[in-house]
């Protein structure tokens, strides 16, 4: 952060053929999160997960060996994130604050992620907004990652429509 101002905000959205309740539950289920959150080329491991307001979580995202070399935030192959659930509004919103574990100041700071499922005809529009994105994450990479994550969420919830 420079002079107390916020850094950029990135967002993406996708229509998912599942109910807002199914999407909401997938956002709060640690086993589900390991399946849909990691973008293409990564796998996820949840180390702690308290899905309640004020609850904390810790997750590692590990790059596949075949990916583009050294680019992890925590290590060459890994991004470790510490997070906290700020607000849980059933079937409407999940707000999280996350911080990457990194020695590189380009990845420092707390990013706020707002997941907003909205019931529409034929399914749910899911919008994810990330505020205060660390400068070390390029807009292009983040947009690709958010799109991949939303595609994974769609695939997961459309195959697992039970609430």
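Residue numbers (my numbering): 2 to 164.
Positions of the beta carbon are idealized from the N, C-alpha and C atoms, including for glycine.
In this text, all values refer to a predicted model and were calculated from it rather than measured experimentally.
Alpha carbon to alpha carbon, how far is residue j from residue i? Give it in angstroms, no decimals.
i, j, result
"residue 17", "residue 152", "9 Å"
"residue 43", "residue 143", "14 Å"
"residue 100", "residue 124", "31 Å"
"residue 31", "residue 50", "6 Å"
"residue 96", "residue 79", "24 Å"
"residue 62", "residue 48", "11 Å"
"residue 146", "residue 11", "11 Å"
"residue 52", "residue 25", "11 Å"
"residue 87", "residue 64", "28 Å"
"residue 81", "residue 119", "29 Å"
"residue 116", "residue 84", "14 Å"
"residue 1", "residue 40", "A question about residue 1 goes unanswered here, because the residues of the chain that appear run from 2 up to 164."
"residue 138", "residue 109", "11 Å"
"residue 89", "residue 98", "12 Å"
"residue 57", "residue 121", "31 Å"
"residue 150", "residue 66", "19 Å"
Of the residues the options, which one's Cα is nearest the Cα of residue i?
i, options, result
"residue 54", "65, 91, 136", "91"
"residue 104", "135, 87, 84", "135"
"residue 107", "133, 26, 66", "133"
"residue 129", "8, 15, 23", "15"
"residue 94", "110, 102, 114", "114"
"residue 102", "150, 45, 22, 60", "60"
"residue 111", "131, 121, 22", "131"
To which residues does DSSP link residue i through a beta bridge?
i, result
"residue 119", "126"
"residue 81", "61"
"residue 89", "95"
Given residue i, which residues of its chain have a CB within under 6 Å of its CB, disregarding the five upstream and five downstream residues?
i, result
"residue 20", "none"
"residue 168", "Beyond the ends of the chain as shown, which are 2 and 164, falls residue 168; an answer cannot be given."
For residue i, I'd like the list of residues in its chain whose CB is within less than 7 Å of its CB, leaving aside the five on either flank, ordered along the chain.
i, result
"residue 148", "13"
"residue 126", "14, 16, 119"
Tell me which same chain residues have a C-beta within less than 8 Å of the C-beta of residue i, skipping the five on either side of it?
i, result
"residue 27", "33, 34, 37, 154, 157, 158, 161"
Shorter than 8 Å, the distance from the beta carbon of residue i to the closest heavy atom of the ligand NAD, or not?
i, result
"residue 24", "By its list of ligands, the structure shown contains no ligand whatsoever, and the ligand NAD lies outside what it can speak to."
message: List, from N- to C-terminal side, the alpha helix (DSSP H) runs of 4 residues or more that fit wholly inside the segment 9-68.
response: Listed in chain order, they are 21-28, 31-37.
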